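Okay, so here's the structure we're looking at.
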Amino acid sequence: MNLLYISVLASQDVISYVQKHNSKFSNFAVHKFNRLVVEGMVHNGQNVTALSTFYQPSKGFFWYHHSERIHGVKYKYIPTLNYGLFRHSWLVVYCFCYVLFWGILHKETKALMCDVLNISACMGAVAAARLIGLKRVGIMTDMPGLMVERSHQSISDSIKAFNAKMNKSFLGHFSHYVFLTEQMNKAVNINHRPYIVMEGLVGRAMMVPEKTDRNSKRIILYAGGLHERYGLRILVEGFMKANVENSELWLYGSGPFVYELPNYSNQDSRIKYKGICSNEEVVEAELRATLLVNPRPSHEEFTQYSFPSKNLEYMVSGTPVLTTILPGMPKEYYPYVYLFDKGETTEGYAEVIQKTLSLPIEQLVAKGAEAKQWVLSNKSYVRQTARIIEIL
Numbered sequence: 005m006n007l008l009y010i011s012v013l014a015s016q017d018v019i020s021y022v023q024k025h026n027s028k029f030s031n032f033a034v035h036k037f038n039r040l041v042v043e044g045m046v047h048n049g050q051n052v053t054a055l056s057t058f059y060q061p062s063k064g065f066f067w068y069h070h071s072e073r074i075h076g077v078k079y080k081y082i083p084t085l086n087y088g089l090f091r092h093s094w095l096v097v098y099c100f101c102y103v104l105f106w107g108i109l110h111k112e113t114k115a116l117m118c119d120v121l122n123i124s125a126c127m128g129a130v131a132a133a134r135l136i137g138l139k140r141v142g143i144m145t146d147m148p149g150l151m152v153e154r155s156h157q158s159i160s161d162s163i164k165a166f167n168a169k170m171n172k173s174f175l176g177h178f179s180h181y182v183f184l185t186e187q188m189n190k191a192v193n194i195n196h197r198p199y200i201v202m203e204g205l206v207g208r209a210m211m212v213p214e215k216t217d218r219n220s221k222r223i224i225l226y227a228g229g230l231h232e233r234y235g236l237r238i239l240v241e242g243f244m245k246a247n248v249e250n251s252e253l254w255l256y257g258s259g260p261f262v263y264e265l266p267n268y269s270n271q272d273s274r275i276k277y278k279g280i281c282s283n284e285e286v287v288e289a290e291l292r293a294t295l296l297v298n299p300r301p302s303h304e305e306f307t308q309y310s311f312p313s314k315n316l317e318y319m320v321s322g323t324p325v326l327t328t329i330l331p332g333m334p335k336e337y338y339p340y341v342y343l344f345d346k347g348e349t350t351e352g353y354a355e356v357i358q359k360t361l362s363l364p365i366e367q368l369v370a371k372g373a374e375a376k377q378w379v380l381s382n383k384s385y386v387r388q389t390a391r392i393i394e395i396l
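In our numbering, the protein residues as written are 5 to 396.
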């Protein structure tokens, strides 16, 4: 089958180059998810073209990168002018024309796949696909309008309302869906079209060697967006209150909570902010850690529509995971992780952290190994993308 995959995805070579010249680039999770999908499709025998809306804002008025083929995936980058509204209008027109001609020229079985958060590109692509009768798969990694990273930005109510209307105008025009949670299906798929729930997927790059040594310290590690709404304040205060001997809390990533961390690290030197690092550096740190933590609160509206990709990366590292009981997390995960089950408060987090870090190291290692084996067997990029092919 010929598949056209539209998203912000860029090749690893391009990402590495951008990160080298832009230390603030941190959008690794989105690229990793999309890359595993397209490479999984190739592994399952599909012919994939990744049409990318990726661009570098700081690279001048015009941005363009040549096409390339890596790991069987053809990457085609949309040339664009780095100018706000014009850029979005250009994406609508470009994607409409590209999909129209791509669909006409490819006579074999074909389908369009879109990251629905890429709104401008999706609008043009889906309009063309409907016109020529292409199957249209909408991949939803988040609910538009509920993304935490945008919650701190000063966006006017009128723009938010306009964006909400635009989202609804095209979300119902897909013929198939891939959702992260069942709750997404209930909210979006009002026409009851074919869908699967795929909370995430792991690939070969995550299949790291077994651990052979242990750091003498008990290290808790968090990697991801540093937002208070992600539970960072309660995590830090809970860690301080737990006061486990010979322990440290390592934090990786970016976000507004970074500016509050010095208030805590000045009080407690065990709290270490490690900054924005490459995925390779973060994975290496995950291997050294004693416990990987995801403190995301379960009561926030956005949590029922999300499954943090970090949970899967955590699990495949072989280091045990401590997480909140997220509404979007299937119960099949519960036996393979430790849970914040004493309440999502500073006291509740402190109690669980103290109890978990006090477990024998052999028990912690065994828990991590079981989680790794389970996730590699059940959530691999090959197995998960085969499920998408089945519904097509």
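By construction, the Cβ of each residue, glycine as well, lies at the ideal position given by its N, Cα and C atoms. These numbers come from a predicted model, not from an experiment.
Asked	Found
When Gly347, Tyr340 and Gln308 are compared against glycine 332, the one with the closest alpha-carbon	Gln308
Cβ neighbour criterion (16 or more within 10 Å) applied to valine 97	exposed
Beta-bridge partners of tryptophan 67, as assigned by DSSP	Thr84
Backbone CA spacing between asparagine 267 and asparagine 298 [nearest angstrom]	21 angstroms
Nearest-angstrom Cα separation, counted from asparagine 193 out to arginine 91	29 angstroms
Cβ shell of tyrosine 340 (< 7 angstroms), same chain only, five flanking positions each side left out	Met319, Glu374, Ala375 and Trp378
Rounded straight-line distance, which links the Cα of tyrosine 338 to that of lysine 24	38 angstroms
Glutamate 394 (DSSP reduced to helix, strand or coil)	helix
Three-state class that DSSP yields for methionine 147 in the structure shown	coil
Residue from Asp146, Lys221, Arg197 and Gly207 whose Cα sits closest to the Cα of threonine 185	Asp146
Cβ pair tyrosine 263, glycine 44 closer than 8 angstroms	no
Sequence-distant residues of the same chain with beta carbon closer than 6 angstroms to histidine 110, five excluded per side	Asn6
Coarse secondary structure for asparagine 6, derived from DSSP in three states	strand
Residue of Leu8, Val201 and Phe37 minimising C-alpha distance to asparagine 283	Phe37
Three-way DSSP call (helix, strand, coil) for aspartate 17 in this model	helix
Runs of beta strand (DSSP E) lying entirely within the stretch 224 to 270, each at least 3 residues, in chain order	251 to 256
Bridge-paired residues (DSSP) for glutamate 305	In the DSSP output, where bridge partners are listed per residue, glutamate 305 has none listed.
Beta-carbon proximity of valine 2 to phenylalanine 174, cut-off 8 angstroms	This structure leaves residue 2 out entirely; the chain is present only between 5 and 396.
At least 3 beta-carbon pairs within less than 8 angstroms: the stretch 356 to 376 vs the stretch 309 to 317	no
Of the listed residues Ile74, Glu317, Val286 and Gly322, nearest to valine 46 (C-alpha basis)	Ile74
Cβ contact check for the stretch 224 to 239 and the stretch 64 to 73: 3 or more pairs under 8 angstroms	no
Element boundaries [beta strand (DSSP E), containing lysine 276]	275 to 279
Option in Gly204, Lys278, Arg39 and Ala191 with minimal Cα separation from tyrosine 79	Arg39
Proximal residues to glutamine 50 (C-beta, below 6 angstroms), its chain only, five neighbours per side dropped	Met5 and Leu7
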